[in-house]
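Asker:
2 protein chains.
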Amino acid sequence: MACGQGDRRETGKVAAIHGRHDNVFCGELACGAEIIGEKGRFGMNMRFAEQVRVEVERKGNAACVGIDPALERMAGVLLASCKSDGGGQPDAEELLTRFGRLIVDAVADLVPVVKPQSAYFERFGPAGMRALETVMRYAKKKGLLVVLDVKRGDIGETSSAYAEAYLGNGPWAEMVDCLTLAPYMGPDSLEPFARVAMRTGKGLFVCVRTSNPGAAYLQNLIAEGKPVYAHVAEMVAGLAERQGVAGYSDMGAVVGATLASEAREIRAMLPKSLFLVPGLGAQGGSLAVVRDCFDADGGGAIVSSSRGVNYPVGEFTSLDQLGEAVRQAARSFVQDVQSCRTAVV
Amino acid sequence: MACGQGDRRETGKVAAIHGRHDNVFCGELACGAEIIGEKGRFGMNMRFAEQVRVEVERKGNAACVGIDPALERMAGVLLASCKSDGGGQPDAEELLTRFGRLIVDAVADLVPVVKPQSAYFERFGPAGMRALETVMRYAKKKGLLVVLDVKRGDIGETSSAYAEAYLGNGPWAEMVDCLTLAPYMGPDSLEPFARVAMRTGKGLFVCVRTSNPGAAYLQNLIAEGKPVYAHVAEMVAGLAERQGVAGYSDMGAVVGATLASEAREIRAMLPKSLFLVPGLGAQGGSLAVVRDCFDADGGGAIVSSSRGVNYPVGEFTSLDQLGEAVRQAARSFVQDVQSCRTAVV
Numbered sequence: 001m002a003c004g005q006g007d008r009r010e011t012g013k014v015a016a017i018h019g020r021h022d023n024v025f026c027g028e029l030a031c032g033a034e035i036i037g038e039k040g041r042f043g044m045n046m047r048f049a050e051q052v053r054v055e056v057e058r059k060g061n062a063a064c065v066g067i068d069p070a071l072e073r074m075a076g077v078l079l080a081s082c083k084s085d086g087g088g089q090p091d092a093e094e095l096l097t098r099f100g101r102l103i104v105d106a107v108a109d110l111v112p113v114v115k116p117q118s119a120y121f122e123r124f125g126p127a128g129m130r131a132l133e134t135v136m137r138y139a140k141k142k143g144l145l146v147v148l149d150v151k152r153g154d155i156g157e158t159s160s161a162y163a164e165a166y167l168g169n170g171p172w173a174e175m176v177d178c179l180t181l182a183p184y185m186g187p188d189s190l191e192p193f194a195r196v197a198m199r200t201g202k203g204l205f206v207c208v209r210t211s212n213p214g215a216a217y218l219q220n221l222i223a224e225g226k227p228v229y230a231h232v233a234e235m236v237a238g239l240a241e242r243q244g245v246a247g248y249s250d251m252g253a254v255v256g257a258t259l260a261s262e263a264r265e266i267r268a269m270l271p272k273s274l275f276l277v278p279g280l281g282a283q284g285g286s287l288a289v290v291r292d293c294f295d296a297d298g299g300g301a302i303v304s305s306s307r308g309v310n311y312p313v314g315e316f317t318s319l320d321q322l323g324e325a326v327r328q329a330a331r332s333f334v335q336d337v338q339s340c341r342t343a344v345v
Numbered sequence: 346m347a348c349g350q351g352d353r354r355e356t357g358k359v360a361a362i363h364g365r366h367d368n369v370f371c372g373e374l375a376c377g378a379e380i381i382g383e384k385g386r387f388g389m390n391m392r393f394a395e396q397v398r399v400e401v402e403r404k405g406n407a408a409c410v411g412i413d414p415a416l417e418r419m420a421g422v423l424l425a426s427c428k429s430d431g432g433g434q435p436d437a438e439e440l441l442t443r444f445g446r447l448i449v450d451a452v453a454d455l456v457p458v459v460k461p462q463s464a465y466f467e468r469f470g471p472a473g474m475r476a477l478e479t480v481m482r483y484a485k486k487k488g489l490l491v492v493l494d495v496k497r498g499d500i501g502e503t504s505s506a507y508a509e510a511y512l513g514n515g516p517w518a519e520m521v522d523c524l525t526l527a528p529y530m531g532p533d534s535l536e537p538f539a540r541v542a543m544r545t546g547k548g549l550f551v552c553v554r555t556s557n558p559g560a561a562y563l564q565n566l567i568a569e570g571k572p573v574y575a576h577v578a579e580m581v582a583g584l585a586e587r588q589g590v591a592g593y594s595d596m597g598a599v600v601g602a603t604l605a606s607e608a609r610e611i612r613a614m615l616p617k618s619l620f621l622v623p624g625l626g627a628q629g630g631s632l633a634v635v636r637d638c639f640d641a642d643g644g645g646a647i648v649s650s651s652r653g654v655n656y657p658v659g660e661f662t663s664l665d666q667l668g669e670a671v672r673q674a675a676r677s678f679v680q681d682v683q684s685c686r687t688a689v690v
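These protein sequence lines map, in sequence, to chains U and G.
Each residue of the first sequence is one higher than the one before, counting from 1 in this note's numbering.
Each residue of the second sequence is one higher than the one before, counting from 346 in this note's numbering.
(1) What residues of chain U sit near C475 of chain G, judged by a beta carbon separation below 7 Å?
(2) Would you call M1 of chain U buried or exposed, if buried means 16 or more other Cβ atoms sit within 10 Å of its Cβ?
(3) Quick one: which unbroken alpha helix (DSSP H) runs of 4-plus residues sit fully inside the segment 192 to 269 of chain U? Chain order, please.
(4) Beta-carbon within less than 7 Å of F661 of chain G's beta-carbon, same chain only, minus the 5 sequence neighbours each way: which residues are those?
(5) Since E224 of chain U meets chain G, which of its residues come closer than 8 Å, beta carbon to beta carbon?
(6) Does R123 of chain U come within less than 7 Å of chain G when only Cβ atoms are used?
(7) Please report the distance separating the alpha-carbon of I380 of chain G from that of V65 of chain U.
(8) For L563 of chain G, would you say it is in contact with chain U, using Cβ-to-Cβ distances shorter than 7 Å as the test?
(9) Can you name the residues that DSSP bridges to R446 of chain G?
(10) Look at A476 of chain G and E519 of chain G and say whether their C-beta atoms are less than 7 Å apart.
(11) Within the continuous alpha helix (DSSP H) that includes V167 of chain U, where are the two ends?
(12) Determine, using beta-carbon pairs with one atom in the segment 554 to 567 of chain G and one in the segment 602 to 621 of chain G, whether at least three such pairs fall under 8 Å.
(13) Taking 7 Å as the threshold (C-beta atoms), are G203 of chain U and A182 of chain U in contact?
(14) Per DSSP, which one or two residues make a beta bridge with D522 of chain G?
(15) Find the residues of chain G that neighbour P312 of chain U, judging by a C-beta separation of less than 9 Å, and give them in chain order.
(16) Out of curiosity, what's the CA-to-CA distance linking L179 of chain U and R403 of chain G?
(17) Answer with yes or no whether the minimum CB distance from P516 of chain G to chain U is below 7 Å.
(18) Using C-beta distances below 6 Å, list every residue in its chain close to F334 of chain G, excluding the 5 sequence neighbours before and after it, in chain order.
(19) Do M353 of chain U and M474 of chain G have their C-beta atoms closer together than 7 Å?
(20) Keeping to the same chain, check which residues put their C-beta closer than 7 Å to that of R106 of chain U; ignore five residues upstream and five downstream.
(21) For A605 of chain G, which residues of its own chain have a beta-carbon under 7 Å away from its beta-carbon, when the five flanking residues on both sides are left out?
(22) Between which two residues does the alpha helix (DSSP H) harbouring R291 of chain U extend?
(23) Hey, L584 of chain G and L535 of chain G are a contact pair by Cβ (cut 8 Å); roughly how many whole angstroms apart?
(24) For chain G, is any of its Cβ atoms less than 7 Å away from the one on A182 of chain U?
(25) Report all residues from its chain with a CB closer than 7 Å to the CB of T97 of chain U; omit the five preceding and five following residues, and keep chain order.
(26) Could you tell me whether the Cβ atoms of V495 of chain G and V521 of chain G are closer together than 7 Å?
(27) Using a cut-off of 8 Å between C-beta atoms, extract the partners of N557 of chain G located in chain U.
(28) Use the C-beta contact count for E241 of chain U: other C-beta atoms within 10 angstroms, 16 or more gives buried, fewer gives exposed.
(29) Apart from the five residues on each side of it in sequence, which residues of its chain come closer than 7 Å, Cβ to Cβ, to V600 of chain G?
(30) In the DSSP assignment, the alpha helix (DSSP H) including F121 of chain U goes from what residue to what residue?
(31) Could you say which of G:A415, G:V458, G:D665, G:H576 lies nearest to L216 of chain U if we only look at CA atoms?
(32) By Cβ distance, which residues of its chain are closer than 7 Å to G60 of chain U, with the 5 residues on each side in sequence left out?
(33) For chain U, find out if any of its Cβ atoms is closer than 7 Å to the Cβ of A464 of chain G; answer yes or no.
(34) Just to make sure I have the definition right: I need the residues of chain U whose C-beta is within less than 9 Å of the C-beta of E509 of chain G. Which are they?
(35) Expressed to the nearest angstrom, what Euclidean distance is found between the alpha-carbon atoms of S649 of chain G and D188 of chain U?
(36) Alpha carbon to alpha carbon, what distance is there between G630 of chain G and P572 of chain G?
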């Protein structure tokens with residue numbers, strides 16, 4: 001094995017990173033081929049894209065449920081269930097953990113993937129980070145794939161630090177199957193992530209065309225005859241190509257469900273990339289666009305909803321009742337996603 | 346006071362955010378005018394840009410020292426100074442804290458600003474976040490301005506969550522004076538940060554033109570007759586304009602020290618923005634470019650170096666010796682920065 005010691009993954013310990021600094025910058029995507037064997041020792045022989053395929057098949061749908069603990073939206077019964085922080089407010093770590101576990105319990109047998117949004121946890125500093133860790137561990141234990149939504153992206157060694165932390169030999173890697181990335185800083189901002197993902201079999205979703213109202217401002221500018229998002233897609237395609245893996249590569253793409261023509265264009269440019277498709281709920285995306293993100297055989301995409309599932313409408317007098325409402329919202333979302341997928345197949 | 350309760354800032358407590366959810370989405374930049382008064386109660390009447398001006402004047406230079414604890418580069422004497430984590434490696438929280446405090450002690454009376462890079466702390470999960478908190482508190486205590494380099498950017502409520510966490514009423518806000526942002530998702534990804542900064546007097550640096558080798562891939566594409574980075578600059582200018590503050594606005598820009606013509610072009614587009622100029626050391630930026638980032642009166646920019654100051658060359662047998670070498674490296678960097686600034690004035 002070229003890039004040793006991959007089984008030392010103690011949370012918060014220097015050992016996990018410093019002990020193998022010889023390969024943190026091992027430099028070559030090519031070394032990945034040997035390292036895939038390393039993963040076998042963790043009982044996960046499959047790369048992320050393959051795991052997604054299997055789990056979508058097993059659960060019968062390609063839905064991904066976000067975990068976005070926005071306190072402003074939380075049900076009173078959940079807030080009241082937590083011990084106080086001493087100042088008359090619920091303890092942040094307990095609240096975020098309870099919220100995350102409630103969502104996981106409600107959807108674990110329904111959907112293949114969950115997507116915690118890091119911002120809502122980071123917001124509470126170390127207490128939030130501990131909650132994020134607990135929730136992701138719990139999701140893994142329940143058999144879910146975990147996409148951590150962090151939209152990171154930086155240069156050189158900083159990207160390497162993020163990549164190792166979340167996908168490599170850092171404290172988060174055993175709970176995270178896949179990460180979201182921001183592309184503005186160019187190929188060298190993504191390459192360290194691609195290199196580590198190649199080694200460990202983890203997945204990446206690069207923001208290519210997002211679903212927010214202001215996305216078009218930069219992403220749809222026409223440069224050299226095509227939109228900026230198409231340049232980003234090319235960058236992703238180039239990295240995917242270099243990986244040379246069979247089937248889907250580790251280089252996935254975030255493609256908002258906003259315009260069918262864009263989805264088709266990006267799908268054609270990224271035949272080897274899994275799509276993460278947000279925007280179907282609160283952001284007003286359309287089912288028709290989601291259809292165009294799937295392959296001809298109904299694979300190749302997972303469709304994400306956060307708010308619509310996390311915050312069902314109604315008054316709840318018990319956590320069981322709230323959990324049941326989340327489960328019903330997830331069922332309804334799954335049906336929407338399935339109607340797109342079966343329309344393709 | 347329109348957006349009350351700003352003085353409850355207990356780390357990791359829900360109270361700090363949930364107790365004032367009525368104004369997390371208060372919506373209007375305009376409310377900032379009233380809220381500036383709120384800051385007075387913390388003994389910080391000045392906005393970030395004004396604080397920079399005063400501190401640059403007081404310290405006699407516009408240098409910013411990064412705090413990038415990359416374990417692979419750390420001096421043996423520092424590693425050896427930490428207690429063991431039980432597995433024969435130094436304890437991560439202690440190591441990161443010691444490193445950060447050593448840098449702060451070495452440069453506190455020399456430079457006005459430090460810039461911790463979040464990635465190197467996040468890498469260690471909650472232990473790293475605790476270290477980041479300690480280091481930033483220490484820097485504040487020593488009278489330094491703190492720019493937290495996180496390059497965040499997301500949509501709608503998620504950006505609001507980040508903004509409140511780091512600049513508003515979240516657990517990080519009392520240690521952070523300014524944040525770096527990524528622009529790919531468009532104006533609505535930056536606006537929540539602008540809104541919170543306006544309210545609290547904090548600063549922002551949006552990545553306009555970065556200094557990494559691959560930056561040009563997207564940033565220099567020509568769209569509608571100008572490079573993509575100029576479109577980003579326009580977006581920043583638009584937000585700065587809306588703020589309507591006197592002097593420099595809260596909307597600063599990251600402008601790499603790579604090409605003088607670009608620096609001049611961006612300076613002309615962003616007359617109200619402070620520049621954060623990286624790239625002078627390891628990334629090969631030039632002093633001539635740095636000159637073009639300053640105003641005619643030698644204000645308007647801070648120049649950043651991380652690796653060159655953090656990791657002085659040599660063998661060190663004591664922490665004092667290491668600290669002295671960091672101090673010498675900082676002195677040398679300060680001289681370089683000053684030579685640019687005085688050439689302007």
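By construction, the Cβ of each residue, glycine as well, lies at the ideal position given by its N, Cα and C atoms.
Answerer: On the basis of the data shown:
(1) Here residue 475 of chain G refers to the residue found at position 130 when the second sequence is read from its first residue. Just to set this straight, residue 475 of chain G is Arg in the shown sequence, not Cys. Near R475 of chain G (Cβ distances below 7 Å), the residues of chain U are P126.
(2) Numbered from 1 along the first sequence, position 1 holds the residue referred to as residue 1 of chain U. Annotation note: pLDDT 31 at M1 of chain U (below 50); position unreliable, coordinate value reported separately. Exposed.
(3) 216 to 219, 228 to 243, 260 to 269
(4) Here residue 661 of chain G corresponds to residue number 316 of the second sequence, with the count starting at 1. Contacts found: A420, V422, L667, A670.
(5) For this step, residue 224 of chain U is matched to residue 224 along the first sequence. What E224 of chain U touches in chain G: L566, I567.
(6) Taking the first sequence and counting its residues from 1, the one referred to as residue 123 of chain U is at position 123. It does: the Cβ of R123 of chain U has a partner Cβ on chain G nearer than 7 Å.
(7) For this step, residue 380 of chain G is matched to residue 35 along the second sequence. For this step, residue 65 of chain U is matched to residue 65 along the first sequence. The predicted model places I380 of chain G with a pLDDT of 35, which falls under 50 and marks its position as unreliable, so this point remains unresolved.
(8) On the second sequence, position 218 is the one that residue 563 of chain G refers to. Chain U, which has a Cβ nearer than 7 Å to the Cβ of L563 of chain G, makes this yes.
(9) As a working mapping, residue 446 of chain G is identified with position 101 in the second sequence. Partner(s): none; R446 of chain G has no beta bridge.
(10) Residue mapping note: residue 476 of chain G aligns to position 131 of the second sequence, counting from 1. Residue mapping note: residue 519 of chain G aligns to position 174 of the second sequence, counting from 1. Taking 7 Å as the Cβ cut-off, A476 of chain G and E519 of chain G do not qualify as a contacting pair.
(11) The residue you call residue 167 of chain U lines up with position 167 of the first sequence. The sequence shown places Leu at residue 167 of chain U, rather than the Val named in the question. Run containing L167 of chain U: 156 to 167, per the alpha helix (DSSP H) assignment.
(12) yes
(13) If you number the first sequence from 1, residue 182 of chain U lands on position 182. If you number the first sequence from 1, residue 203 of chain U lands on position 203. No.
(14) Here residue 522 of chain G refers to the residue found at position 177 of the second sequence. BP columns for D522 of chain G are empty, so no partner.
(15) Translated into the one-based positions of the first sequence, residue 312 of chain U becomes position 312. Result: empty, since nearest Cβ-Cβ is about 17 Å, beyond 9 Å.
(16) Locating residue 179 of chain U in the first sequence gives position 179, where the first residue counts as 1. Locating residue 403 of chain G in the second sequence gives position 58, where the first residue counts as 1. The straight-line gap from Cα to Cα measures roughly 43 Å.
(17) Against the second sequence, residue 516 of chain G aligns to sequence position 171. Yes, P516 of chain G lies at the interface with chain U (some Cβ there is under 7 Å from its Cβ).
(18) As shown, chain G starts at 346 and ends at 690. That puts residue 334 of chain G outside it, with no answer to give.
(19) Any question about residue 353 of chain U goes unanswered here, given that chain U covers just 1 to 345.
(20) Translated into positions along the first sequence, residue 106 of chain U becomes position 106. A small correction: the amino acid at residue 106 of chain U is Ala; Arg does not occupy that position in the sequence shown. Within the same chain, A106 of chain U has close Cβ partners G323, V326, R327, A330.
(21) Translated into positions along the second sequence, residue 605 of chain G becomes position 260. Contacts found: A633, V634, D637.
(22) Residue mapping note: residue 291 of chain U aligns to position 291 of the first sequence, counting from 1. Start and end: 287 to 293.
(23) Locating residue 584 of chain G in the second sequence gives position 239, where the first residue counts as 1. Locating residue 535 of chain G in the second sequence gives position 190, where the first residue counts as 1. Right, the Cβ-Cβ distance comes to about 6 Å (below 8 Å), so this counts as a contact.
(24) The sequence position of residue 182 of chain U within the first sequence is 182, counting from 1. So, interface residue.
(25) Translated into positions along the first sequence, residue 97 of chain U becomes position 97. Result list for T97 of chain U: A131, T134, V135, in chain order.
(26) Within the second sequence, the letter at position 150 stands for residue 495 of chain G. Within the second sequence, the letter at position 176 stands for residue 521 of chain G. No, Cβ-Cβ distance for V495 of chain G and V521 of chain G is not below 7 Å.
(27) The residue labelled residue 557 of chain G in the question sits at position 212 within the second sequence. Residues of chain U passing the Cβ test: I155, G156, M185, G186, D188, S189.
(28) Against the first sequence, residue 241 of chain U aligns to sequence position 241. E241 of chain U comes out exposed.
(29) Taking the second sequence and counting its residues from 1, one reaches residue 600 of chain G at position 255. Correct list, in chain order: V553, R554, A608, I611, F620, V622, C638.
(30) In the first sequence, the residue the question calls residue 121 of chain U occupies position 121. Element bounds for F121 of chain U: 119 to 122.
(31) Within the first sequence, residue 216 of chain U is the residue found at index 216, counting from 1. Checking the sequence shown, residue 216 of chain U turns out to be Ala, not Leu. Residue G:H576 is the option with its Cα nearest to A216 of chain U.
(32) Within the first sequence, numbered from 1, the residue matching residue 60 of chain U stands at position 60. Within the same chain, G60 of chain U has no close Cβ partners at all.
(33) For the purposes of this step, residue 464 of chain G is taken as the residue at position 119 of the second sequence. Yes, because at least one Cβ of chain U sits closer than 7 Å to the Cβ of A464 of chain G.
(34) For this step, residue 509 of chain G is matched to residue 164 along the second sequence. In chain order: R123.
(35) Taking the second sequence and counting its residues from 1, one reaches residue 649 of chain G at position 304. Taking the first sequence and counting its residues from 1, one reaches residue 188 of chain U at position 188. S649 of chain G and D188 of chain U: Cα-Cα distance of roughly 20 Å.
(36) Along the second sequence, one-based indexing puts residue 572 of chain G at 227. Along the second sequence, one-based indexing puts residue 630 of chain G at 285. Their backbone Cα atoms lie some 20 Å apart in a straight line.
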